[in-house]
Amino acid sequence: MSLILLIEQVLNGLQFGIMLFLMAAGLTLIFGVMGLINLAHGSLYMIGAFCAAAVAAATGSFLLGLIGALAGAAIAGALVELVVIRRLYTKDHLDQVLATFALILIFSEGTRWIFGSFPLFLNVPEFLSGPVTLPGGIEYPLYRLTLIAVGLAVAIGLWLLISRTRLGVQIRAGENDREMIAALGIDIARLYTIVFALGAALAGLAGALVGAIQSVQVGMGEPVLILAFVVIVIGGIGSIKGALVGAILVGLTDTLGGIFLPEFLKLFLDPSTATSIGSSLASMAIYILMAAVLILRPAGLFGARA
Amino acid sequence: MKFVTLAAAAALAIGLSSANAEPVKVGMITTLSGGGAGLGIDARDGFMLAVKQAGNKDLEVIVEDDQRKPDVAVQLADKMIQSDKVDVLTGIIWSNLAMAVVPSVTAQGKFYLSPNAGPSALAGKGCNPNYFSVAYQNDNLHEAAGAYAKEAGFKKTFILAPNYPAGKDSLTGFKRYYRGELAGEIYTKLGQTDYAAELAQIRASGADSVFFFLPGGMGISFLKQYADSGIDLPVVGPAFSFDQGILQAVGDAALGVKNTSQWSKDIDNDANKAFVESFKAEYGRLPSLYAAQGFDTANLLLSAMAKADVTDADAFRAALEAADFPSVRGKFSFGPNHHPIQDIYVREVIKEGDVYTNKIVGTALSDHGDAYSDECSM
Numbered sequence: 063m064s065l066i067l068l069i070e071q072v073l074n075g076l077q078f079g080i081m082l083f084l085m086a087a088g089l090t091l092i093f094g095v096m097g098l099i100n101l102a103h104g105s106l107y108m109i110g111a112f113c114a115a116a117v118a119a120a121t122g123s124f125l126l127g128l129i130g131a132l133a134g135a136a137i138a139g140a141l142v143e144l145v146v147i148r149r150l151y152t153k154d155h156l157d158q159v160l161a162t163f164a165l166i167l168i169f170s171e172g173t174r175w176i177f178g179s180f181p182l183f184l185n186v187p188e189f190l191s192g193p194v195t196l197p198g199g200i201e202y203p204l205y206r207l208t209l210i211a212v213g214l215a216v217a218i219g220l221w222l223l224i225s226r227t228r229l230g231v232q233i234r235a236g237e238n239d240r241e242m243i244a245a246l247g248i249d250i251a252r253l254y255t256i257v258f259a260l261g262a263a264l265a266g267l268a269g270a271l272v273g274a275i276q277s278v279q280v281g282m283g284e285p286v287l288i289l290a291f292v293v294i295v296i297g298g299i300g301s302i303k304g305a306l307v308g309a310i311l312v313g314l315t316d317t318l319g320g321i322f323l324p325e326f327l328k329l330f331l332d333p334s335t336a337t338s339i340g341s342s343l344a345s346m347a348i349y350i351l352m353a354a355v356l357i358l359r360p361a362g363l364f365g366a367r368a
Numbered sequence: 025m026k027f028v029t030l031a032a033a034a035a036l037a038i039g040l041s042s043a044n045a046e047p048v049k050v051g052m053i054t055t056l057s058g059g060g061a062g063l064g065i066d067a068r069d070g071f072m073l074a075v076k077q078a079g080n081k082d083l084e085v086i087v088e089d090d091q092r093k094p095d096v097a098v099q100l101a102d103k104m105i106q107s108d109k110v111d112v113l114t115g116i117i118w119s120n121l122a123m124a125v126v127p128s129v130t131a132q133g134k135f136y137l138s139p140n141a142g143p144s145a146l147a148g149k150g151c152n153p154n155y156f157s158v159a160y161q162n163d164n165l166h167e168a169a170g171a172y173a174k175e176a177g178f179k180k181t182f183i184l185a186p187n188y189p190a191g192k193d194s195l196t197g198f199k200r201y202y203r204g205e206l207a208g209e210i211y212t213k214l215g216q217t218d219y220a221a222e223l224a225q226i227r228a229s230g231a232d233s234v235f236f237f238l239p240g241g242m243g244i245s246f247l248k249q250y251a252d253s254g255i256d257l258p259v260v261g262p263a264f265s266f267d268q269g270i271l272q273a274v275g276d277a278a279l280g281v282k283n284t285s286q287w288s289k290d291i292d293n294d295a296n297k298a299f300v301e302s303f304k305a306e307y308g309r310l311p312s313l314y315a316a317q318g319f320d321t322a323n324l325l326l327s328a329m330a331k332a333d334v335t336d337a338d339a340f341r342a343a344l345e346a347a348d349f350p351s352v353r354g355k356f357s358f359g360p361n362h363h364p365i366q367d368i369y370v371r372e373v374i375k376e377g378d379v380y381t382n383k384i385v386g387t388a389l390s391d392h393g394d395a396y397s398d399e400c401s402m
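In order, the protein sequences belong to chains A and B. Under the working numbering, the first residue of the first sequence carries the number 63, and numbering increases by one thereafter. Under the working numbering, the first residue of the second sequence carries the number 25, and numbering increases by one thereafter.
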């Protein structure tokens, strides 16, 4: 196992974590501000990818595709909030889970109805394709480096939005005391719609960015959704900082676990068994991490509420 | 007066013929919704195209969606057998669903014709006289990829497949015919979509070629990321990641890749040409491997119906065993365990105009059966 391979794998884990962060940030924001468990967050991720693929195919421009993804997911998010979610704030979590699960089914079959059941084409744009050579002779795909940069930029942007703007003040206030900020004359319904659309746009952006190197197909959001939930549980529900740290932890654990556990087991077992057992163990690694974090800190790493 | 007599005679003849041939009821359980729906829809469309072309009034088909869930498939099979009283079942795409449904179907004396899944457990000790795999035994295409790798002179191949039974069958099948050494052997997670870590390992391993079995969306992701990683090694795999339905989503990244299949749209025989033309005319897209398998399954069934009555199970089984139908694959017969003996081709991904598709560049294995037929006693 060379140092170059190790660094490359750390970069892979970082990139995976950053993409998870985009998903988890919206999820944790929505939960933190509205107290809503949104299972349909994965569908918004899928909508972003499909919008990007459709716009990119129509215009030939990946950047327009990205804008299409942001707009499409934000509009879908706002509509869902106005039509369905709005009725769920006063209900308990079970009703929210049932309603948003129904939304997953509606979005999945609706997408199939519009786009058909075959995966769509969305590729890395020409100017970002291919590998670049990093210092130390590491060859690494330029697109993945760009993903890391975009994700970090979004993280900084979110931090500025929450800590430096009027909207950010309202969001933080909304997390702490809904009734009070409503009493102070802030239109809480409008705030909720904006936050939901913002979370949806982040999910849509992640879907479009990841869709270019994976496959744009119905049902692509659900596996990511599960990981995003793991991330926000580890990071502490409602905390953006927690989502960032949790996402990077999960990304690194998943990637490095998948590499080193089989290698480690090869020291004692024959290669075939080692890879088979090692990859099974690696799939469990992030859940073991989650369990460990919950034992030590039941509210998550940065969770305010117990 | 003459006219009336004629009409009466005709009516009598119609009455006689419908009393003669026992109608056959087919239950098709396949995946029509969710992530893997493209495969089931193609198999169904191929099957229904053959049914439509035959125009046989004695054949009735009921189609239901299994949602790729074994429990749903089992419920549908029970319902079809008990309340719809079907004679023949077919349609299942996924091996884990086939394992859940097929043994109980054959135990109840019904016929099962598999248009895709061919798990090793049903080819060896678990074989059954009423079970026919019309597509292949699961290992076949991987064995052919191993044979091709040997032929092409690969010395150090890196192999990977998902960590589930069909993935393990895949690597076993490849190694059965491959003779070089392995640069590495990885089981990925089922449903994994990011292969950055595996690609880094391939790069570091000093491999001279790559074999992978990653069906559906997993294959799309892998190929796109492979093309973007700058690794420039020859790739070979079974047809599942290079099929008509998903090639358009992979794009240029798949061009030139060799893959193994028992069918291709350019196999040169009349049945295949007519099939490709009529499928395009009927559905407005090119047929896939699964469509071809569905089409052959329906024609096998129709050929047996022409020879024997489904109520006479022994005669009907013998008629199925004869496989007396014009397969779109050309040569086709059943081995002793009711799995195909057929040629498996090497195809290359090409671009025809705007459409990505495959063309045959060679034959990997001729008259190929499977490794489990010796274990089957029936």
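Note that beta-carbon positions come from the ideal geometry of N, C-alpha and C, so glycine has one too. Note that the structure is predicted; figures quoted are calculated from it, not measured.
Test item: CB-CB of residue i and residue j under 8 angstroms
i, j, result
"valine 125 of chain B", "isoleucine 116 of chain B", "yes"
"leucine 222 of chain A", "leucine 84 of chain A", "no"
"glycine 79 of chain A", "valine 312 of chain A", "yes"
"aspartate 252 of chain B", "serine 191 of chain A", "yes"
"glycine 208 of chain B", "alanine 231 of chain B", "yes"
"leucine 184 of chain A", "alanine 118 of chain A", "yes"
"isoleucine 255 of chain B", "isoleucine 226 of chain B", "yes"
"proline 143 of chain B", "threonine 321 of chain B", "no"
"phenylalanine 163 of chain A", "leucine 204 of chain A", "no"
"valine 50 of chain B", "valine 110 of chain B", "yes"
"phenylalanine 349 of chain B", "phenylalanine 319 of chain B", "no"
"alanine 221 of chain B", "isoleucine 310 of chain A", "no"
"leucine 150 of chain A", "alanine 161 of chain A", "yes"
Residues that DSSP places opposite residue i in a beta bridge
i, result
"serine 233 of chain B", "B:Thr181"
"glutamine 268 of chain B", "The partner list for glutamine 268 of chain B (beta bridge, DSSP) is empty, contrary to what the question assumes."
"lysine 383 of chain B", "B:Glu372"
"tyrosine 202 of chain B", "Partner(s): none; tyrosine 202 of chain B has no beta bridge."
"lysine 52 of chain B", "Here residue 52 of chain B turns out to be methionine, not lysine, going by the sequence shown. DSSP lists B:Val87, B:Thr114 as partners of methionine 52 of chain B."
"tyrosine 155 of chain B", "B:Tyr136"
"phenylalanine 183 of chain A", "Per DSSP, none; premise fails for phenylalanine 183 of chain A."
"tyrosine 396 of chain B", "Answer by DSSP bridge pairing: none, since tyrosine 396 of chain B is not bridged."
"serine 357 of chain B", "B:Ile365"
Contacts around residue i, its chain only, beta-carbon distance under 6 angstroms, and the 5 residues preceding and following it disregarded
i, result
"glycine 64 of chain B", "Thr54, Thr55, Leu56, Ile117"
"isoleucine 365 of chain B", "Ser357, Gly359, Asp391, Gly393"
Residues near residue i in its chain [Cβ-Cβ closer than 7 angstroms; skip 5 each side]
i, result
"leucine 220 of chain A", "Ala87, Ile302"
"aspartate 132 of chain B", "The sequence as given places glutamine at residue 132 of chain B; aspartate does not occur at that position. Result list for glutamine 132 of chain B: Ile105, in chain order."
"lysine 304 of chain B", "Leu310"
"proline 324 of chain A", "Ala336, Thr337, Gly340, Ser341"
"tyrosine 202 of chain A", "Glu70, Leu73, Pro193, Val194, Leu196"
"alanine 395 of chain B", "Asp163, Arg200"
For residue j and residue i, the rounded distance between their alpha carbons
i, j, result
"glutamine 161 of chain B", "glutamine 77 of chain B", "28 angstroms"
"isoleucine 330 of chain A", "tyrosine 219 of chain B", "Correcting the residue type first, residue 330 of chain A is phenylalanine in the shown sequence and not isoleucine. About 26 angstroms."
"serine 341 of chain A", "leucine 223 of chain B", "16 angstroms"
"serine 64 of chain A", "glycine 177 of chain B", "28 angstroms"
"lysine 134 of chain B", "valine 352 of chain B", "26 angstroms"
"methionine 402 of chain B", "aspartate 66 of chain B", "32 angstroms"
"glycine 386 of chain B", "tyrosine 201 of chain B", "17 angstroms"
"aspartate 367 of chain B", "alanine 388 of chain B", "8 angstroms"
"lysine 355 of chain B", "glycine 275 of chain B", "32 angstroms"
"leucine 167 of chain A", "histidine 155 of chain A", "19 angstroms"
"proline 285 of chain A", "isoleucine 86 of chain B", "32 angstroms"
"leucine 68 of chain A", "serine 334 of chain A", "22 angstroms"
"serine 233 of chain B", "alanine 171 of chain B", "14 angstroms"
"alanine 228 of chain B", "threonine 315 of chain A", "21 angstroms"
"asparagine 80 of chain B", "alanine 328 of chain B", "13 angstroms"
Integer-rounded CB distance, given that residue j should sit under 8 angstroms from residue i
i, j, result
"valine 47 of chain A", "isoleucine 288 of chain A", "It is not possible to answer for residue 47 of chain A, since the shown part of chain A is limited to 63 through 368."
"valine 307 of chain A", "isoleucine 348 of chain A", "Actually they do not touch by this definition, with Cβ atoms about 14 angstroms apart."
"alanine 147 of chain B", "serine 397 of chain B", "7 angstroms"
"asparagine 164 of chain B", "histidine 392 of chain B", "6 angstroms"
"alanine 173 of chain B", "phenylalanine 235 of chain B", "6 angstroms"
Residues of its chain near residue i, where Cβ-Cβ distance is below 8 angstroms and the 5 sequence neighbours each way are ignored
i, result
"lysine 383 of chain B", "Ser288, Asp290, Arg371, Glu372, Ile374"
"glutamine 272 of chain B", "Val379, Tyr380"
"glycine 204 of chain B", "Ala173, Lys174, Phe178, Lys179, Lys180, Thr181"
"leucine 128 of chain A", "Ala114, Leu267, Ala270, Leu271"
Any non-hydrogen atom of the ligand NAP within 7 angstroms of residue i CB
i, result
"isoleucine 166 of chain A", "With respect to the ligand NAP, the structure offers nothing, as it holds no ligand at all."
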